[in-house]
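*Asks:*
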Amino acid sequence: MTGGACNVGAIANYPLGSLIYFLVFIIGIVFANEAQASDRKKLLVFIACVLALFFGLRTEKVGIDTVNYLRYYTETIQYGPNITASWYDTVYVYGMSLFRMENGFYLFNFIVSFATNLLILLRLWDFKEQINLSLSFGLFYSFFIPVELNIARQLLAIALVFWGSRYIFTHKVWLFLAFLLFAVGIHRSSLIAILLLCALYFIKDEMSYSSRTVLSCVSLVMPVCVIAAPIILINTGYLTDYAKYFESNDIKIGLMTILKLLVLFIGLSKHKLFQRFDVQGKATVIFTIVGLAISIIGYLFDYMERIGYFFSIFDVVSLSYLARAQKDIGNAEYERMIWLLSLYVLFTALSGNGQGILPYESLWFHFTV
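Residue numbers (my numbering): 10 to 378.
1) Look up G67 in the DSSP assignment and give the residues it is bridged to.
2) Helix, strand or coil, according to DSSP, for M265 in the structure here?
3) In angstroms with no decimal places, state the Cα-to-Cα distance between F117 and M105.
4) If you run the structure through DSSP and keep just helix, strand and coil, what is G365?
5) How should N141 be labelled, buried or exposed, when 16 other C-beta atoms within 10 angstroms of its C-beta is the threshold for buried?
6) Can you name, in chain order, every residue of its own chain whose Cβ lies under 6 angstroms from the Cβ of F34, other than the five neighbours on each side?
7) Please list the terminal residues of the continuous alpha helix (DSSP H) segment that includes I295.
8) Mapping DSSP to helix, strand and coil, what is F323?
9) Exposed or buried, S278, counting other C-beta atoms within 10 Å across all chains shown (16 or more means buried)?
10) Report the three-state DSSP secondary structure of L164 (helix, strand or coil).
11) Report the three-state DSSP secondary structure of E344 (helix, strand or coil).
12) Spatial neighbours of N126 within its chain, please: C-beta separation below 6 angstroms, excluding the five flanking residues on both sides.
13) For the alpha helix (DSSP H) containing L107, name the first residue and the last one.
14) Taking all protein chains shown into account, decide if M110 is buried (16 or more other Cβ within 10 angstroms of its Cβ) or exposed.
15) Please state if the CB of S143 and the CB of A166 are separated by a distance shorter than 7 angstroms.
16) Quick one: Cα of E43 to Cα of F114, how far?
17) Quick check on Y82: buried or exposed, where buried means 16 or more other Cβ atoms within 10 Å of its Cβ?
18) Taking the alpha carbon of S329 as the reference point, which residue from L282, W373, L355 and G317 has its own alpha carbon closest?
19) Measuring CA to CA, which of L62, Y23 and T297 is closest to G37?
20) Quick one: residues in its chain with C-beta nearer than 8 angstroms to the C-beta of N112, no 5 flanking neighbours on either side, listed in chain order?
21) Count the C-beta pairs between the region 153-167 and the region 132-141 that are closer than 8 angstroms, then say yes if the count reaches three, no if not.
22) Less than 8 angstroms between the CB atoms is what I'm expecting for I195 and Y318, so what's the real figure, rounded?
23) My understanding is that T357 touches D324, with C-beta atoms under 8 angstroms, so please give their C-beta distance in whole angstroms.
24) Inspect the beta-carbon positions of L367 and G26 and report whether they are closer than 7 angstroms.
25) The alpha helix (DSSP H) that contains V193, what's its start and end?
26) Can you name the start and end residues of the alpha helix (DSSP H) that Y81 belongs to?
27) According to the neighbour-count rule (16 or more other Cβ atoms, all chains shown, within 10 Å of its Cβ), is Y78 buried or exposed?
28) Report buried or exposed for P239, applying the criterion of at least 16 other Cβ atoms within 10 angstroms of its Cβ.
29) Is V121 closer than 7 angstroms to E370 when the C-beta atoms are compared?
30) Which same chain residues end up closer than 6 angstroms to L331 when comparing Cβ atoms and leaving out the 5 residues on each side of it in sequence?
31) Helix, strand or coil for Y176? Go by DSSP, reduced to three states.
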């Protein structure tokens, strides 16, 4: 999601493929707006289907890591999940092993894409009274769809955590922990999402008694986990795959992080809007700040931003919260600024092609121009 220089880049080389991404973007916005205006939740299922049809059925040429997914799928089918489960997290591998049919890889990707996007869209629906749903969809599409086409497995884990976060606010924190555990079985980086509970410490007075109790327990256990986790991971070899991410010490300027910080500062700097938000609104802003902090660490270490995705997924809510609140006090310009940010991110994702999503190719058709 890192922004780059504003040049046409890959868009000029693959105009028809780029057009597909912009068309799906527009379709999603139109139907998200209609879903909110008509209070028809089922339209979210339609949007998830559209996303899965176009992007779930992509070939291995779309997304840098997709070819690796195909290789692991082939090895899982050939040798069994007990072998490849040591390379991939267990739940994902055993799910993959169920698709032993012609084009099973593409069907599996379709289901993963549909589940990922539907979980995120349904979670956004929880906020429909406080946000502009079409704006939140636009932010999600621009910030995360290019990433999803590259690292689909982690995005599924993020979607599970994002959906499960609703239970933090409905006095069912243990259900959130259950979703978190399931997500860990898909991608081990999900462990970082336990910090969602710690971030809520700042609004603990507005939480239920049971949620505060669980939060207190987690806070007590967390120091032990912070000390023990690296020792366990090193001794088990779990960090081997990720060691390369911490070898770089070059500072890289992240324009996207700077823009988010600027937009967030502008949104929060006037009229004490944060104090007006409900518990969930305040939490999403806190999660956004945590995600930005992790992105700043990413200036020093490659790929650290990926760990922050479990928090930055809440950007699509917090920025829409702020846009709605600013509009309610007569500042419609702020919402337009967020729309421009969304378009800019999508444009740079396509022009820079950092996730390898161009040229576009699926089972149905492909565009090499």
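Heads up, the beta-carbon is just placed ideally off N, CA and C, and yes, glycines get one too.
Source: prediction; values computed, not measured.
*Replies:* Taking the coordinates as given:
1) Residue numbering aside, residue 67 sits at position 58 when the sequence shown is read from its first letter. It should be pointed out that residue 67 corresponds to Arg in this sequence rather than to Gly. R67 is bridged to S371.
2) Sequence index remark: in the sequence shown, residue 265 carries index 256 (1-based). Three-state result, M265: helix.
3) Position 108 of the sequence shown holds residue 117. Position 96 of the sequence shown holds residue 105. So the two alpha carbons sit approximately 7 angstroms from each other.
4) For this step, residue 365 is matched to residue 356 along the sequence shown. If DSSP states are grouped into helix, strand and coil, G365 belongs with coil.
5) In the sequence shown, residue 141 corresponds to position 132, counting from 1. With 16 or more Cβ atoms within 10 Å of its Cβ, N141 is classed as buried.
6) One-based indexing of the sequence shown puts residue 34 at position 25. Result list for F34: Y150, in chain order.
7) Taking the sequence shown and counting its residues from 1, the one referred to as residue 295 is at position 286. Counting along the chain, the alpha helix (DSSP H) containing I295 begins and ends at V288 to I306.
8) Mapped onto the sequence shown, residue 323 falls at position 314. Looking at F323 - three-state DSSP - the assignment turns out to be coil, as it is neither helix nor strand.
9) To locate residue 278, count along the sequence shown from 1; it is residue 269. Under this definition S278 is an exposed residue.
10) Within the sequence shown, residue 164 is the residue found at index 155, counting from 1. Looking at L164 - three-state DSSP - the assignment turns out to be helix.
11) In the sequence shown, counting from the first residue as 1, residue 344 sits at position 335. Three-state result, E344: helix.
12) Walking along the sequence shown from the start, residue 126 turns up at place 117. If we look at N126 and ignore the five residues flanking it on each side, its Cβ neighbours are A57 and L60.
13) To locate residue 107, count along the sequence shown from 1; it is residue 98. Unbroken run through L107: none, as it is neither H nor E.
14) Stepping through the sequence shown from its first residue, residue 110 is reached at position 101. It is exposed - the Cβ of M110 has fewer than 16 other Cβ atoms within 10 Å.
15) By 1-based counting over the sequence shown, the position of residue 166 is 157. By 1-based counting over the sequence shown, the position of residue 143 is 134. The answer is no: Cβ separation not under 7 angstroms.
16) Here the question's residue 43 lines up with position 34 in the sequence shown. Here the question's residue 114 lines up with position 105 in the sequence shown. Near 33 angstroms, if we compare the C-alpha coordinates of F114 and E43.
17) On the sequence shown, position 73 is the one that residue 82 refers to. Buried, since its Cβ has 16 or more Cβ neighbours within 10 Å.
18) Along the sequence shown, one-based indexing puts residue 329 at 320. With distances taken between Cα atoms, S329 lies closest to L282.
19) The residue labelled residue 37 in the question sits at position 28 within the sequence shown. Selected option, being the one with the closest Cα: L62.
20) The residue given as residue 112 occupies position 103 in the sequence shown. If we look at N112 and ignore the five residues flanking it on each side, its Cβ neighbours are L372.
21) no
22) Walking along the sequence shown from the start, residue 195 turns up at place 186. Walking along the sequence shown from the start, residue 318 turns up at place 309. 13 angstroms between Cβ atoms; not a contact.
23) Numbered from 1 along the sequence shown, position 348 holds the residue referred to as residue 357. Numbered from 1 along the sequence shown, position 315 holds the residue referred to as residue 324. The pair is not a contact, with the Cβ atoms about 16 angstroms apart (cut-off 8 angstroms).
24) If you number the sequence shown from 1, residue 367 lands on position 358. If you number the sequence shown from 1, residue 26 lands on position 17. The answer is yes: Cβ separation under 7 angstroms.
25) In the sequence shown, counting from the first residue as 1, residue 193 sits at position 184. V182 to V193 is the span of the alpha helix (DSSP H), which, as asked, contains V193.
26) Taking the first residue of the sequence shown as 1, we reach residue 81 at position 72. Run containing Y81: T75 to Y88, per the alpha helix (DSSP H) assignment.
27) Sequence index remark: in the sequence shown, residue 78 carries index 69 (1-based). Its Cβ being crowded by 16 or more others within 10 Å, Y78 is buried.
28) Here residue 239 is taken as the residue at index 230 of the sequence shown, counted from 1. With a pLDDT of only 49 at P239, under 50, the local geometry of the prediction cannot be trusted, and the value read off the model is given with reservation. Exposed is the call here.
29) The residue given as residue 370 occupies position 361 in the sequence shown. The residue given as residue 121 occupies position 112 in the sequence shown. The answer is no: Cβ separation not under 7 angstroms.
30) As a first step, residue 331 must be located in the sequence shown, where it is residue number 322. G276, listed in sequence order.
31) Start at 1 with the first residue of the sequence shown, and residue 176 comes out as number 167. DSSP places Y176 in helix when its eight states are reduced to three.
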